[in-house]
Amino acid sequence: MKLYCVQVGSFKIPRGYIAQRCENADVPTVMPLFTYLIEHPKGLVLVDLGQHYDLRDGGSMLKEDDSIVHKLAQLGYTPKDIKYVVMSHMHFDHAGYMCDFPDATFIVRREELKTAWWPDVFESPGYLFATYEKTRDYKYIQLSDDEEYDVFGDGTLVLTDTRGHSRGHQSVKVNLKNAGKILLVCDAAPFREVMDRLLLPGTCSNNAQAIRSLEKLKSLENSGYQLIFAHDPDNMPQKLFPEYFE
C-alpha cells in the first residue's frame, strides 16, 4: 500500500481568507493545493481532485499539466483505473475534476452532497456548480454525518467526520505498514495554526462543529497520527509526489 501526496497547483490569497483571526491575516500567501492517491491491493483511491484549470480565478496559480489527470498519467494510470474517489468536501478547489472520473464510485457525506447542489447563501461562494453539474448520475456512497467508514474493511483507509468547515467535511485516516498512522486533514484545518490555536476556518458552516473537529484532530495527533495539511506552505508533507509513504 502506498500514499502519494500530489500537489496540483497553488493559489495566492491573504491568509485570513482561509483562517479567521490568524497571524498575518492580510499577507497574500502562496498556498498549495493537494490531492492524494492511495494504491491499495483492492483498488486505487483518490482523495480530492484539486481545482479545474478551466475554472481558475484571479488567485489561481495553475498550469494545465498540474491536474490530477496529468499526474496519474505519470504513473501510467488513467481515470478509468480509479475505483473510489473520496471527497473530503465539494468546494471548487477540491472537486475540480469530478467530471473526469465517471467510472469511479464517489464517497461523500450525504449532507455535503445535498449542500453542494443547493447551498445556503452564506455557503455558496465555496461551491461552483460547473465543477460537478454533469455528475448527477454518477455512482455515490453517501455517508451519514457522524459515520466512521472503513473503505476496504481492513482498517487501512478510514473516513472520519470533521464537519464544520462544510456541512459534510470528512478527513481520512491512512494506516501504512512502515509510515504508520497518517491523517489527511483536508480543510478541517487548512494549515497547522488553525488547529493549534483553535481558529475558525475562513468559510464555516457551523462554528461549534468546526471547533469540535479541531479538537478531534488534536486528539488524533496525540494518539500517534501524523497530520498532513491541505494548504500549509510551512508544513508540507515529508514526501511529495512522485515519492510516497508506504
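Per the numbering used here: the sequence shown = residues 107 to 352. The C-beta atom is built at its ideal place from N, Cα and C for all residues, glycine as well.
Item, Value
"Whole-angstrom distance between LYS283 and PHE228, CA atom to CA atom", "42 Å"
"Buried versus exposed, by CB contacts within 10 Å (16 or more), THR184", "exposed"
"Span of the alpha helix (DSSP H), counted from its first residue to its last, around ARG215", "Looking at the DSSP string, ARG215 is not in any alpha helix (DSSP H); the run it does join, the beta strand (DSSP E), is 211-215."
"Option in ILE144, ASP251 and VAL280 with minimal Cα separation from ASP267", "ASP251"
"Contacts around TYR350, its chain only, beta-carbon distance under 7 Å, and the 5 residues preceding and following it disregarded", "LYS108, LEU109 and TYR110"
"For HIS146, the first and last residue of its enclosing beta strand (DSSP E)", "134-146"
"Nonlocal neighbours in the same chain, by C-beta distance under 7 Å from ILE288, ignoring five residues either side", "LEU109, VAL280, LEU282, TYR331, GLN332, ILE334 and PHE351"
"Under 8 Å between C-beta atoms of ILE213 and LEU265", "yes"
"Between the CA atoms of ASP243 and CYS396 - distance to the nearest angstrom", "In this structure the chain extends from 107 to 352, so residue 396 is not present and cannot be described."
"Cut-off 6 Å between Cβ atoms - residues of its own chain near GLU217, not counting five sequence neighbours on either side", "ASP251, ARG273 and GLY274"
"For SER319 and GLY286, believed in contact at Cβ under 8 Å, the rounded distance", "At roughly 22 Å, the Cβ-Cβ gap does not stay under 8 Å, so GLY286 and SER319 are not in contact."
"DSSP bridge partner residues for LEU152 (one or two, in chain order)", "LEU143 and VAL191"
"Uninterrupted alpha helix (DSSP H) stretches inside the segment 294-345 (no shorter than 4 residues)", "298-302 and 313-328"
"Contact the segment 144-154 vs the segment 188-201: 3+ CB pairs below 8 Å", "yes"
"Reduced DSSP category for THR221 - H, G, I as helix; E, B as strand; rest coil", "helix"
"LEU155 beta carbon less than 8 Å from that of GLN113", "no"
"Rounded straight-line distance, which links the Cα of TYR233 to that of ALA201", "9 Å"
"Three-way DSSP call (helix, strand, coil) for MET167 in this model", "strand"
"First and last residue of the uninterrupted alpha helix (DSSP H) at ILE174", "174-180"
"Supposed close pair ALA125, VAL300 - CB separation, criterion 8 Å", "5 Å"
"Delimiting residues of the beta strand (DSSP E) encompassing SER277", "276-282"
"With 16 other Cβ atoms within 10 Å as the buried cut-off, status of SER311", "buried"
"Cβ neighbour criterion (16 or more within 10 Å) applied to ARG303", "exposed"
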